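Chemist:
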Amino acid sequence: MNVLILGSGGREHALAWKIKQSKQLEQLYVAPGNAGTAELAENLSLSPHDFDAVAEQVKDLNINLLLVGPEDPLVNGIVDYFKQKKGFEDLMVIGPAKEPAMLEGSKEFAKNFMAQFKVPTAAYQSFQKHRIEEGYKFLESLKPPYVLKADGLAAGKGVLIIKDLEEAKLALRSMLVEEQFGSASQNVVIEEFLDGIEMSVFVLTDGESYKILPEAKDYKRIGEADTGLNTGGMGAVSPVPFADQSLLDKIEQKIVKPSVAGIKERGFDYKGFLFIGLMIVEHEPYVIEYNVRMGDPETEVVMPRVKSDLLSHLIAAANGRLDSEKLEIDKEAATTVMLVSGGYPEAYEKGKVIKGLDEVADATIFHAGTKNEGEEVITNGGRVLAVTARGENYKAALEKSYRNVNRILFDQKYFRKDIGFDLMDAE
Ligand code: AMP
Ligand code: GLY
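In my numbering, the protein residues as written are 1217 to 1643.
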């Protein structure tokens, strides 16, 4: 089996690392990949957005399974492209078709889906420019803080949470009238604020049956104690200590089952991952968002806990026989701490030489934004390396992650020192 993974982050490195362990694997390629994926696969210099170029490589390299890491190619229809293309009938593609990819690509589509299939979520309404006055009235009917979401993909920046009513109205105006997030905010979803604690679950589905992967919690803000700007994610832990069996059962019954049943009922072509972002309010789960891919850095703690053969599960999902697979999960905890470039998520410099990778012990480094330059590995993105470790519980794992964080050096390295800080009381 020859596999091509599209993407270049820590998520793709972790997926490649896991797939590399499969006995069914022959050749592994990552496009475009990074310095980490280059150690275990062949990187292809290829953009995941250029479907024709991807198709050419799929043919030339005899690829059997294409795993799409990020959401953009999915939202832009890469699955439909290969379904319709002559000569690619046997290619297995992991990811949803264009329509179900709107579960991530459009907040309104996702909210309507949740309403149709009675998946618990925050109360909401959506507004366009011509209904701005009604939008103001809806805001007046809600209690603060106010949650405003640009409908389309806005690189994780399209959600505003505002305490003051007048400010919320101004923000609605700037989203709808001034198109603050471009076309992504031509439509705005306003929703009720849910006051709780976040966690995520990850599902692999063939469109009918599903497997629930280990759950995780990530840390999105740049600053300690969850302050400052939102980032792609600064660290993650799995399992989530406060997610006891009764909560996990509720999540399966109230969220996962109706979501997958909805995918089936709508006739969606969905053979891939569904990432469900949840808010837990008084032990009850509500969906904050769907993503149609794995999370980053969540994948860097989820994959180390999957004991069974991921590639076998992916092949089964692609062929509609996931039901016959047995997913095995390791009880041990995994944690990851993200090392980022100083300045991120705003402007930052690239090209800093990374030292100390050889000194890492008892941890796995997943590369997020790196590349090789001559003999050296240099920084090539805001998020640079995910330092993953395992342990008997999250505290033991975190201790190892942080021990190794200190072994890796590059100019202007920054990381959060408090990953897991909010879990102490939750045990
Ligand atoms: P999203 O892009 O929908 O995941 O939203 C980004 C972040 O905004 C989430 O991770 C939550 O922290 C927060 N958020 C989104 N919707 C709500 C809500 N209804 N209530 C409280 N916080 C929310
Ligand atoms: N870590 C959040 C995401 O991947 O969207």
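Glycine included, each C-beta is placed from N, C-alpha and C at the ideal position.
What you are looking at is a predicted structure, and each value in this text was computed from that prediction instead of being measured.
My guess is that E1541 and R1521 are in contact by the Cβ rule of under 8 Å, so how many angstroms apart are they, rounded?
Modeler: By 1-based counting over the sequence shown, the position of residue 1541 is 325. By 1-based counting over the sequence shown, the position of residue 1521 is 305. Not a contact, Cβ separation roughly 16 Å.
Chemist: What residue ranges within the stretch 1431-1489 form continuous beta strand (DSSP E) runs of no fewer than 3 residues, ordered along the chain?
Modeler: Runs found: 1437-1439, 1443-1446, 1451-1454.
Chemist: If we require 3 or more residues per run, which beta strand (DSSP E) segments fall completely within the stretch 1230-1303?
Modeler: Within the stretch 1230-1303, the complete beta strand (DSSP E) runs of at least 3 residues are 1244-1248, 1281-1284.
Chemist: Is G1311 near the ligand GLY, judged by its Cβ being under 7 Å from some heavy atom?
Modeler: If you number the sequence shown from 1, residue 1311 lands on position 95. No - the ligand GLY has no heavy atom lying nearer than 7 Å to the Cβ of G1311.
Chemist: Thinking C-alpha only, which one of H1229, E1287, K1466, D1574 is nearest L1490?
Modeler: Here residue 1490 refers to the residue found at position 274 of the sequence shown. Ranking H1229, E1287, K1466, D1574 by Cα distance to L1490 puts E1287 first.
Chemist: Name the DSSP bridge partner or partners of M1415?
Modeler: What you label residue 1415 is simply residue 199 of the sequence shown in a count that begins at 1. Partner(s): L1494.
Chemist: Helix, strand or coil, according to DSSP, for E1643 in the structure here?
Modeler: The residue labelled residue 1643 in the question sits at position 427 within the sequence shown. Below a pLDDT of 50, predicted positions are generally treated as unreliable, and E1643, at 49, falls in that range; no measurement from the model is reported.
Chemist: Can you tell me whether K1547 is helix, strand or coil according to DSSP?
Modeler: Here residue 1547 refers to the residue found at position 331 when the sequence shown is read from its first residue. Of the three classes helix, strand and coil, the one that applies to K1547 here is coil, per DSSP.
Chemist: So V1274 and L1220 are in contact, right, with Cβ under 8 Å, and what is the actual spacing, rounded?
Modeler: Counting from 1 along the sequence shown, the entry for residue 1274 is found at position 58. Counting from 1 along the sequence shown, the entry for residue 1220 is found at position 4. Correct: roughly 7 Å between the Cβ atoms.
Chemist: Would you be able to state if there are at least three C-beta pairs under 8 Å between the stretch 1576-1592 and the stretch 1528-1541?
Modeler: Contact fails: fewer than three Cβ-Cβ distances are below 8 Å.
Chemist: Could you compute how far the alpha carbon of I1377 sits from the alpha carbon of Q1243?
Modeler: To locate residue 1377, count along the sequence shown from 1; it is residue 161. To locate residue 1243, count along the sequence shown from 1; it is residue 27. Those two C-alpha atoms are separated by around 46 Å.
Chemist: Quick one: what does DSSP say V1405 is sitting in, helix, strand or coil?
Modeler: For this step, residue 1405 is matched to residue 189 along the sequence shown. Reduced to three states, the DSSP call for V1405 is strand.
Chemist: Three or more C-beta pairs under 8 Å: does that hold for the stretch 1344-1362 against the stretch 1407-1419?
Modeler: Output reads yes: the stretch 1407-1419 touches the stretch 1344-1362.
Chemist: Taking only the alpha-carbon atoms, compute the straight-line gap between G1478 and E1575 and give it to the nearest angstrom.
Modeler: Translated into positions along the sequence shown, residue 1478 becomes position 262. Translated into positions along the sequence shown, residue 1575 becomes position 359. The alpha-carbon atoms of G1478 and E1575 are separated by roughly 48 Å.
Chemist: What do you reckon, is the C-beta of G1511 under 7 Å from a heavy atom of the ligand GLY?
Modeler: Taking the sequence shown and counting its residues from 1, the one referred to as residue 1511 is at position 295. Indeed, a heavy atom of the ligand GLY lies less than 7 Å from the Cβ.
Chemist: Does the Cβ-Cβ distance between G1404 and D1380 come in under 8 Å?
Modeler: By 1-based counting over the sequence shown, the position of residue 1404 is 188. By 1-based counting over the sequence shown, the position of residue 1380 is 164. It is worth fixing the name first, because residue 1404 is Val in this sequence and not Gly. Not a contact, by the Cβ cut-off of 8 Å.
Chemist: Among the candidates T1552, E1382, R1389, whose CA atom is the shortest distance from the CA of A1432?
Modeler: Locating residue 1432 in the sequence shown gives position 216, counting from the first residue. When only C-alpha atoms are compared, the closest one is T1552.
Chemist: What does the Cβ neighbour count give for L1555, buried or exposed, with the cut at 16 atoms within 10 Å?
Modeler: Counted from its first residue, the sequence shown places residue 1555 at position 339. So L1555 counts as buried.
Chemist: First and last residue of the beta strand (DSSP E) that includes A1366?
Modeler: For the purposes of this step, residue 1366 is taken as residue 150 along the sequence shown, with counting starting at 1. Its beta strand (DSSP E) spans residues 1362-1366.
Chemist: Taking 7 Å as the cut-off, is the CB of G1223 close to at least one heavy atom of the ligand GLY?
Modeler: Here residue 1223 refers to the residue found at position 7 of the sequence shown. Every heavy atom of the ligand GLY is 7 Å or more from the Cβ of G1223, so no.
Chemist: Would you please verify whether the beta carbon of L1376 is less than 8 Å from any beta carbon of chain B?
Modeler: Included in the structure is just one protein chain, with no chain B present.
Chemist: Considering just the uninterrupted stretch of the beta strand (DSSP E) at R1606, what are its terminal residues?
Modeler: Residue mapping note: residue 1606 aligns to position 390 of the sequence shown, counting from 1. Taken as a continuous stretch (DSSP letters only), the beta strand (DSSP E) holding R1606 covers 1599-1607.
Chemist: Using a threshold of 7 Å, is the CB atom of N1620 nearer than that to any non-hydrogen atom of the ligand GLY?
Modeler: Translated into the one-based positions of the sequence shown, residue 1620 becomes position 404. No, Cβ of N1620 sits at least 7 Å from all heavy atoms of the ligand GLY.
Chemist: Taking 7 Å as the cut-off, is the beta-carbon of G1439 closer than that to any non-hydrogen atom of the ligand AMP?
Modeler: Numbered from 1 along the sequence shown, position 223 holds the residue referred to as residue 1439. No, the beta carbon of G1439 sits no closer than 7 Å to any heavy atom of the ligand AMP.
Chemist: Is M1495 near the ligand AMP, going by C-beta to nearest heavy atom under 7 Å?
Modeler: By 1-based counting over the sequence shown, the position of residue 1495 is 279. Yes, the ligand AMP has a heavy atom inside 7 Å of this Cβ.
Chemist: Which of the three DSSP states is assigned to I1378 in this structure?
Modeler: Along the sequence shown, one-based indexing puts residue 1378 at 162. DSSP places I1378 in strand when its eight states are reduced to three.
Chemist: Can you round the beta-carbon distance between S1238 and L1445 to whole angstroms, since I take them to be within the 8 Å contact cut?
Modeler: Here residue 1238 corresponds to residue number 22 of the sequence shown, with the count starting at 1. Here residue 1445 corresponds to residue number 229 of the sequence shown, with the count starting at 1. No, S1238 and L1445 are not in contact; Cβ-Cβ is about 38 Å, not under 8 Å.
Chemist: For N1507, which residues does DSSP report across the bridge?
Modeler: On the sequence shown, position 291 is the one that residue 1507 refers to. N1507 pairs with F1491.
Chemist: Could you check how far apart the C-beta atoms of A1584 and G1225 are, in whole angstroms? I think they sit under 8 Å.
Modeler: Position 368 of the sequence shown, counted from the start, is the residue given in the question as residue 1584. Position 9 of the sequence shown, counted from the start, is the residue given in the question as residue 1225. Confirmed, about 5 Å.
Chemist: Using 7 Å as the cut-off, classify the Cβ of V1363 as near or not near the heavy atoms of the ligand AMP, replying yes or no.
Modeler: Locating residue 1363 in the sequence shown gives position 147, counting from the first residue. V1363 Cβ: within cutoff of the ligand AMP.
Chemist: Following a CB-centred definition, is S1504 positioned closer than 7 Å to any heavy atom of the ligand AMP?
Modeler: Here residue 1504 refers to the residue found at position 288 when the sequence shown is read from its first residue. The question names Ser, but residue 1504 in the sequence shown is Ile. Result yes, Cβ under 7 Å from the ligand AMP.
Chemist: Count the other C-beta atoms from every protein chain shown that fall within 10 angstroms of the C-beta of S1261, then say buried if there are 16 or more, exposed otherwise.
Modeler: For this step, residue 1261 is matched to residue 45 along the sequence shown. By the 10 Å Cβ count, S1261 comes out exposed.
Chemist: Rounding to the nearest angstrom, what Cα-Cα distance links Y1297 and A1326 in this structure?
Modeler: As a working note, residue 1297 is residue 81 in the sequence shown. As a working note, residue 1326 is residue 110 in the sequence shown. Each residue's alpha carbon lies about 23 Å from the other.
Chemist: From what residue to what residue does the beta strand (DSSP E) around N1588 run?
Modeler: Position 372 of the sequence shown holds residue 1588. Its beta strand (DSSP E) spans residues 1586-1589.
Chemist: Could you check if S1462 is buried or exposed, using at least 16 other CB atoms within 10 Å of its CB as the buried criterion?
Modeler: Taking the first residue of the sequence shown as 1, we reach residue 1462 at position 246. S1462 should be labelled exposed.
Chemist: Closer than 7 Å to a non-hydrogen atom of the ligand AMP - does that hold for the CB of E1414?
Modeler: Here residue 1414 refers to the residue found at position 198 when the sequence shown is read from its first residue. Answer for E1414: yes, Cβ within range of the ligand AMP.
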